[in-house]
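Residue numbers (full-length UniProt numbering): 1 to 109.
Even for Gly, the Cβ is constructed at its ideal location relative to N, Cα and C.
Treat the numbers as computed from the prediction; the structure is a model and nothing was measured.
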């Protein structure tokens, strides 16, 4: 399983991934939680089953053709928020204070 994560990390760089979230700004209040999940995913202490759940959630977020298209004002981000909330519940025990601090630096306020 470690080889799969190494391949994915090479394909999807932190700079590109976080750059995507940076372009969204504050449009969706749950974006900070998504960035917390991103840092939890990159932490080698996070178990593989949690990393897979996070990969699924973050992958869903960046996929343009999801259940509710993101361009629908008011409701377009609801499905993404629900997926992130589910992943947060799974990852809760493995989220470290440094993951939260890094996300706060990325999305201050």
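| query | result |
| --- | --- |
| Segment limits, alpha helix (DSSP H) that includes residue 42 | 31-42 |
| Identity of the residue in 63, 45, 34 nearest residue 86 by Cα | 34 |
| Distance CB(residue 99)-CB(residue 36) smaller than 8 Å | yes |
| Buried versus exposed, by CB contacts within 10 Å (16 or more), residue 95 | buried |
| Classification of residue 45 by the beta-carbon crowding that lies within 10 angstroms, buried from 16 upward | exposed |
| Classification of residue 75 by the beta-carbon crowding that lies within 10 angstroms, buried from 16 upward | exposed |
| Contacts around residue 53, its chain only, beta-carbon distance under 6 Å, and the 5 residues preceding and following it disregarded | 87, 90 |
| Cβ shell of residue 57 (< 8 Å), same chain only, five flanking positions each side left out | 34, 37, 83, 84, 86, 87 |
| As assigned by DSSP and simplified to three states, the class of residue 86 | helix |
| Coil, strand or helix - residue 51 by DSSP | helix |
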